[in-house]
Amino acid sequence: TLWEPSSWPKSAKGVGFMEAPRGGLAHWIVIDNEKIANYQCVVPSTWNAGPRDPDGKPGAYEAALAGHAIHDPKQPLEVLRTIHSFDPCIACAVHLTDEEGEGFEVKVI
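Residues 650 to 758 in the numbering used here are what the sequence shown lists, from first letter to last.
Printed below as a string of C-alpha coordinates:
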(Lines of atoms letter the chains of each structure in order from A and count residues from 1; the text may use other names and numbers.)
(Lines give C-alpha, C1' and ligand atoms only; values in the text may rest on other atoms or scores of the structure.)
Protein backbone atom coordinates (compact mmCIF):
# COMPACT_ATOMS: atom_id res chain seq x y z
CA THR A 1 0.00 0.00 0.00
CA LEU A 2 1.33 3.40 -0.97
CA TRP A 3 0.67 6.23 1.45
CA GLU A 4 0.01 9.34 -0.61
CA PRO A 5 1.35 12.66 0.77
CA SER A 6 -2.05 14.28 0.14
CA SER A 7 -3.52 11.94 2.77
CA TRP A 8 -0.92 12.73 5.45
CA PRO A 9 -2.32 14.42 8.57
CA LYS A 10 -1.13 17.91 9.52
CA SER A 11 -0.54 16.73 13.08
CA ALA A 12 0.02 13.23 14.41
CA LYS A 13 1.75 11.14 17.04
CA GLY A 14 3.11 7.67 16.50
CA VAL A 15 4.96 4.96 18.32
CA GLY A 16 6.35 1.61 17.30
CA PHE A 17 7.93 -1.20 19.28
CA MET A 18 9.75 -4.26 18.01
CA GLU A 19 11.99 -6.99 19.32
CA ALA A 20 15.12 -6.84 17.17
CA PRO A 21 17.94 -9.43 17.15
CA ARG A 22 20.00 -7.34 19.60
CA GLY A 23 17.03 -6.47 21.87
CA GLY A 24 14.09 -4.10 22.25
CA LEU A 25 13.64 -1.28 19.73
CA ALA A 26 11.22 1.65 20.04
CA HIS A 27 10.48 4.79 18.00
CA TRP A 28 8.30 7.79 18.90
CA ILE A 29 7.35 10.68 16.63
CA VAL A 30 5.31 13.87 16.95
CA ILE A 31 4.28 15.73 13.78
CA ASP A 32 2.99 19.27 14.18
CA ASN A 33 1.92 21.49 11.27
CA GLU A 34 3.31 18.96 8.76
CA LYS A 35 6.77 19.05 10.36
CA ILE A 36 8.51 16.64 12.69
CA ALA A 37 8.39 18.33 16.09
CA ASN A 38 9.99 15.49 18.02
CA TYR A 39 11.53 12.14 17.16
CA GLN A 40 13.09 9.71 19.59
CA CYS A 41 14.31 6.17 19.31
CA VAL A 42 15.60 3.78 21.91
CA VAL A 43 17.72 1.10 20.29
CA PRO A 44 19.09 -2.11 21.82
CA SER A 45 22.47 -0.50 22.53
CA THR A 46 20.68 2.15 24.60
CA TRP A 47 19.43 -0.60 26.90
CA ASN A 48 22.51 -2.84 26.79
CA ALA A 49 25.11 -0.07 27.26
CA GLY A 50 23.05 1.83 29.82
CA PRO A 51 24.45 2.85 33.20
CA ARG A 52 23.23 1.67 36.57
CA ASP A 53 19.61 2.43 37.35
CA PRO A 54 18.53 4.67 40.28
CA ASP A 55 18.49 1.60 42.56
CA GLY A 56 22.08 0.71 41.65
CA LYS A 57 21.23 -2.23 39.40
CA PRO A 58 23.98 -2.48 36.75
CA GLY A 59 23.37 -2.26 33.04
CA ALA A 60 23.68 -5.36 30.87
CA TYR A 61 27.34 -4.84 29.92
CA GLU A 62 28.44 -4.25 33.50
CA ALA A 63 26.42 -7.20 34.78
CA ALA A 64 27.92 -9.48 32.12
CA LEU A 65 31.45 -8.42 33.11
CA ALA A 66 31.00 -8.67 36.89
CA GLY A 67 33.26 -11.35 38.33
CA HIS A 68 34.74 -12.09 34.91
CA ALA A 69 38.21 -13.66 35.15
CA ILE A 70 40.82 -11.79 33.09
CA HIS A 71 43.79 -13.90 31.99
CA ASP A 72 46.05 -10.97 30.99
CA PRO A 73 45.11 -7.51 32.36
CA LYS A 74 47.28 -5.87 29.65
CA GLN A 75 45.28 -7.65 26.93
CA PRO A 76 41.81 -8.24 28.42
CA LEU A 77 40.35 -10.06 25.44
CA GLU A 78 37.64 -11.52 27.67
CA VAL A 79 36.20 -8.01 28.06
CA LEU A 80 36.07 -7.48 24.30
CA ARG A 81 34.57 -10.91 23.67
CA THR A 82 31.89 -10.36 26.30
CA ILE A 83 30.89 -6.92 24.98
CA HIS A 84 30.98 -8.15 21.37
CA SER A 85 28.62 -10.98 22.33
CA PHE A 86 25.91 -8.31 22.62
CA ASP A 87 26.61 -7.29 18.99
CA PRO A 88 26.71 -3.62 20.03
CA CYS A 89 25.85 -1.00 17.47
CA ILE A 90 28.79 1.16 18.44
CA ALA A 91 31.85 2.15 16.46
CA CYS A 92 33.47 -1.26 17.01
CA ALA A 93 35.54 0.28 19.78
CA VAL A 94 35.43 -0.32 23.48
CA HIS A 95 37.51 2.08 25.52
CA LEU A 96 39.09 0.47 28.55
CA THR A 97 40.59 2.07 31.63
CA ASP A 98 42.67 0.55 34.37
CA GLU A 99 41.96 0.89 38.09
CA GLU A 100 43.62 4.33 38.12
CA GLY A 101 41.45 5.54 35.25
CA GLU A 102 44.24 5.44 32.66
CA GLY A 103 43.16 4.32 29.22
CA PHE A 104 44.94 1.61 27.28
CA GLU A 105 44.60 -0.21 23.97
CA VAL A 106 44.00 -3.87 23.29
CA LYS A 107 45.14 -5.13 19.93
CA VAL A 108 43.30 -8.13 18.57
CA ILE A 109 45.31 -9.94 15.94
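Don't be surprised by glycine CBs; every beta carbon is placed ideally from N, CA and C. Computed from a predicted structure; not experimentally measured.
Apart from the five residues just before and just after I719, which ones in its own chain have a Cβ nearer than 6 Å to its Cβ? P725, E727
Are F666 and N697 touching if we call contact CB-CB under 7 Å? no
In angstroms, rounded to a whole number, what distance separates the CA positions of F753 and L729? Approximately 13 Å between the Cα atoms of the pair.
Given C738 as reference, the closest of K706, P722, E711, T695 once Cα atoms are compared: T695
Closest to G699 by C-alpha separation, out of Y688, E711, C690, Q689, would be which residue? E711
What separation, rounded to the nearest whole angstrom, lies between the Cα atoms of G684 and H676? Residue 684 is actually Lys in this sequence, not Gly. Computed Cα separation, rounded: 17 Å.
Check E711 in the structure and name its three-state DSSP category. Three-state result, E711: helix.
For P658 versus G672, is the C-beta distance shorter than 7 Å? no
Helix, strand or coil, according to DSSP, for L726 in the structure here? In this structure, L726 counts as helix in the three-state DSSP scheme.
In whole angstroms, give me the CA-to-CA distance for P654 and P670. 32 Å
In angstroms, rounded to a whole number, what distance separates the CA positions of D704 and E751? 28 Å
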